[in-house]
Amino acid sequence: MTKLLLRALGGETLPTPPIWMMRQAGRYLPEYRATRAQAGDFLSLCYNPELAAEVTLQPLRRFGFDAAILFADILLIPQALGADLWFVTGEGPRLSTVTSAADLAQLRPADQIDATLSPIYETVRILSGELPRETTLIGFAGAPWTVATYMVAGRGTKDQGPAHLLKDQDRATFAALIDLITEATIHYLSRQIEAGAEVVKLFDSWAGSLKGRDFDDFSLAPIARIIAALKARHPGVPVIAFPREAGPRYVGFAKATGADCLALDNSVSAEWAAAELQADGCVQGNLDPRHMVTGGPELVAEAQRITRSLRGGPHVFNLGHGITPDADPDNVARMIDAVRSA
Ligand code: CP3
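The following block contains the structure:
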């Protein structure tokens, strides 16, 4: 029998949606914190195939999700291209910056990333041998715009100001950076699929800060190019796109990019998504992650409202963004019960 997630992504309307959670392997789980301590730091965990596979499997053992997402990070691509990358505890990622054509020329070509990223493919291979037969393995990468925002700024930013500045002052260099990330991402996701990833997801976490033509050029077009290349090489492997906070630009995004599923943030309503998006294919989402902290009857009511609103078409249940470290694991179990009994 075909796996539940693959059926939903293939466009089937199911009585109960498949369920998984962004950041399902993470700091809200004590067993994750223990394995991370064993690995040393976050990046050492990402590049340790045995331990990365272990943390990927931990949430499945606890909760029986329908999918597992490879444990890695979107910032491994910049590192593989030659940027320095480190994480500052309590603050987040830091990278050496790319703000000029000269900086860009220092990076490695897109087809030379495997020297750094081969442990990630090994993690995928381990997982594809160890997952329960009903569980789908999801690979992922950041979308080019979101990855570029970190490469240009050298860190996370509230408004992606440095990337906007480079885009507006030297569009050719910025476009060349986007092209390099696009090519690297096609290569990286192809390798993940060859290693056993059954679905891939593109995280465009900062898509919402692009407007008008910039949205078309730097969110939509590179995602469409990645999906076209993957479909040519690996027909039948579904792609989930997450243009977070795209708002009205969610409409038509799946058709324009070839994505099989649109992941929704929690600023759009499930009722709106049912009316405006689901005719084009599967949607994924979109419970507000704060319910994983607060719990209570509101968690159950919201999870069930979303499930019922999207029941008329293909739907994958998920959060609207990643689960946070202060979440209560018991609320995850409550969420799953609520969705399955809706
Ligand atoms: O979802 C999963 O369980 C799979 C693994 C995964 C991680 N990061 C692990 C991680 C995935 C899919 C990501 C994607 C990612 N990484 C995104 C896109 C999705 C989103 O959140 O919008 C972005 C923007 C990043 C970059 C990144 N990685 C940041 C900004 C941070 C620091 C913020 C934080 O939460 O600490 C990370 C670190 C990170 N990536 C952690 C995890 C589990 C926490 C690291 C730790 O153990 O300290």
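The sequence shown runs 1 to 342 under the UniProt record's numbering.
Glycine included, each C-beta is placed from N, C-alpha and C at the ideal position.
All values reported here derive from a predicted model rather than from experimental measurement.
Classify residue i as helix, strand or coil using the three-state DSSP reduction.
| i | result |
| --- | --- |
| residue 284 | strand |
| residue 155 | strand |
| residue 113 | coil |
| residue 147 | helix |
| residue 141 | strand |
| residue 243 | strand |
| residue 323 | coil |
| residue 71 | coil |
| residue 180 | helix |
| residue 93 | strand |
| residue 164 | helix |
| residue 211 | coil |
| residue 203 | strand |
| residue 345 | Lying before the first or after the last residue shown, residue 345 is absent from the chain, which here runs from 1 to 342. |
| residue 291 | helix |
| residue 272 | helix |
| residue 234 | coil |
| residue 331 | helix |
| residue 123 | helix |
| residue 85 | strand |
| residue 35 | helix |
| residue 136 | strand |
| residue 317 | strand |
Who are the near neighbours of residue i in its chain, counting only those whose CB is closer than 7 angstroms to its CB and skipping five residues on each side?
| i | result |
| --- | --- |
| residue 174 | 166, 167 |
| residue 182 | 144, 222, 225, 226 |
| residue 73 | 46 |
| residue 320 | 264, 265, 266, 285, 286, 287, 288, 289 |
| residue 15 | none |
| residue 11 | 281, 282, 314 |
| residue 148 | 163, 177, 178, 181 |
| residue 150 | 75, 78, 93, 95, 156 |
Quick one: using the 10 Å Cβ neighbour count with 16 as the cut-off for buried, is residue i buried or exposed?
| i | result |
| --- | --- |
| residue 145 | buried |
| residue 244 | buried |
| residue 247 | exposed |
| residue 369 | Here the chain covers residues 1 to 342 and nothing more, so residue 369 does not appear. |
| residue 34 | exposed |
| residue 158 | exposed |
| residue 341 | exposed |
| residue 86 | exposed |
| residue 154 | buried |
| residue 26 | buried |
| residue 114 | exposed |
| residue 185 | buried |
| residue 213 | exposed |
| residue 198 | buried |
| residue 123 | buried |
| residue 192 | buried |
| residue 330 | exposed |
| residue 354 | Residue 354 lies beyond the range of the chain shown here (1 to 342); nothing can be said about it. |
| residue 105 | exposed |
| residue 294 | exposed |
| residue 2 | exposed |
| residue 111 | exposed |
| residue 24 | buried |
| residue 326 | exposed |
Can a CB atom of chain D be found closer than 9 angstroms to the CB of residue i?
| i | result |
| --- | --- |
| residue 106 | Absent from the structure is chain D; it holds one protein chain and no more. |
To which residues of the same chain is residue i closer than 6 angstroms at the C-beta, ignoring the five residues directly before and after it?
| i | result |
| --- | --- |
| residue 233 | 190 |
| residue 120 | 72 |
| residue 42 | 87 |
| residue 5 | 18, 66, 67, 136 |
Between residue i and the rest of its own chain, which residues show a CB-CB distance below 8 angstroms, the 5 nearest in sequence each way excluded?
| i | result |
| --- | --- |
| residue 302 | 287, 288, 291 |
| residue 258 | 224, 227, 228, 231, 239 |
| residue 51 | 35, 38, 39, 45 |
| residue 210 | 145, 218, 219 |
Margin query: With three or more C-beta pairs closer than 8 angstroms as the rule, is the segment 270-282 touching the segment 305-320?
Written below: Counting Cβ pairs under 8 angstroms, three or more are found: they touch.
Checklist entry - Taking three-plus beta-carbon pairs below 8 angstroms as touching, is the segment 78-97 in contact with the segment 19-26? => result no
* Any 3 or more C-beta pairs closer than 8 angstroms across the segment 66-81 and the segment 48-58 -> yes
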